[in-house]
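So this is what it looks like as C-alpha cells:
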C-alpha cells in the first residue's frame, strides 16, 4: 500500500491547483490511516520492537515539524518553535516517539482548522527532567470528555463533529508513552485549545 501512495505523490508533485491540493489532503489521510494500522499491529509486540537511544530533542522535533510541512500548508497553520539554544538530549525509542508525537500533531492541526492558525512547540529543562510542550488554539476538549480521551475508541463530542475520528490516536499515544516510561499530561479548555506535555526523565 505504501508504494502506490508514493507513486501518486510523485505524479502530482509539480501541480498546485486546487484539485491537486485536495488530492494531497486525501493522500495524507490515507497515509495517516495506514500508519495507524501498522503501528497498532506492532503495539502488542512492543517489547520485541524497541531500542532506547540518546536523541537530541530539538533536531528530532525540527525533523518531525518539517515532515508535516504540507499538512500545515493545507490547513493554514503556522508552527512556532520555542527551543533553548543548549542541545537537550532525551533517552527514548526514536521510531515509537516519532509516531506518538505525529499523532498529537495530527490532532492539533485537525482540530485547529478554521479556528486558529497557531501551533506552538516548546522545549524546556525542569530540574532533572526535560519538558516537551505541544500547544494548539483550536476547538479544545469539553470538560466531560477530558478524562476519557486516552480510552480506546472514545471519540467524544469533537469526534462526532469531525467524522474521521477513530478514537484510537490518543489511546496509542498514551500506551506508547507508558511503555517508554515518559509521563504525558493533557490540559484543555473547550473553545480555547489543547496542550500536551511530555516529561522525559
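Numbering (my numbering), first residue to last: 2 to 202. Every residue, glycine too, gets a C-beta built ideally from N, C-alpha and C. Small disclaimer: the values here were computed from a predicted structure and weren't measured.
Runs of the alpha helix (DSSP H) spanning 4 or more residues and lying entirely within the stretch 79 to 141 occur at 95 to 111, in chain order. For residue 8, the uninterrupted alpha helix (DSSP H) run begins and ends at 3 to 13, by DSSP.
DSSP, read as helix, strand or coil, puts residue 51 in coil. With respect to the 9 Å criterion, residue 120 and residue 80 are classified as neighbours on the basis of their beta carbons. Beta-bridge annotation (DSSP): residue 56 is paired with 91. For the 9 Å CB-CB criterion, residue 88 and residue 59 form a contact.
By the neighbour-count criterion, in which 16 or more other beta carbons inside 10 Å mark a residue as buried, residue 196 falls on the buried side. For residue 37, there is no enclosing beta strand (DSSP E); the residue is found in the alpha helix (DSSP H) stretching over 19 to 44.
Look at residue 77 here: in three-state DSSP terms it is coil, with no helix or strand label. In the DSSP assignment, residue 186 forms a beta bridge with 198. For residue 179, the enclosing alpha helix (DSSP H) covers residues 170 to 181. For residue 146, the enclosing alpha helix (DSSP H) covers residues 144 to 147. By alpha-carbon distance to residue 154, the top candidate from 41, 67, 178, 55 is 41. Residue 76 places its beta carbon 9 Å or farther from that of residue 45. Proximity to residue 32 across 63, 50, 47, 72 peaks at 72, based on C-alpha coordinates. Residues of the same chain with a CB within less than 6 Å of the CB of residue 139, apart from the 5 flanking positions on each side, are 112, 113, 116, 117, 194 in chain order.
The C-alpha of residue 18 is placed about 43 Å away from the C-alpha of residue 131. Judged by DSSP in its simplified three-state form, residue 64 adopts helix.
With contacts defined by Cβ atoms closer than 9 Å, residue 3 and residue 35 form a contacting pair. Separation of the CB atoms of residue 200 and residue 183 is rounded to 6 Å, and the pair is thereby assigned contact status at 8 Å.
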